[in-house]
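Here is the structure we will look at, set down as structure tokens.
Residue numbers (the working numbering): -2 to 55.
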């Protein structure tokens, strides 16, 4: 099932505009900081696991 592009854009735009008044700058900042922390933790864990697997194979 495909959705016409105009319908998708209208739905996404309406959703965004209905959520926008309820967001405060503190919420946006908190979300950005948590996303950055999550990304860094995920990257570090990936490196640790990758290095652990290399040492285990030797």
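Positions of the beta carbon are idealized from the N, C-alpha and C atoms, including for glycine.
Residue i to residue j span [Cα, whole Å]
i, j, result
"residue 46", "residue 52", "10 Å"
"residue 30", "residue 50", "30 Å"
"residue 5", "residue 26", "28 Å"
"residue 28", "residue 22", "10 Å"
"residue 35", "residue 11", "29 Å"
"residue 33", "residue 39", "10 Å"
"residue 3", "residue 9", "10 Å"
Under the three-state DSSP convention, the category residue i falls into
i, result
"residue 44", "helix"
"residue 20", "coil"
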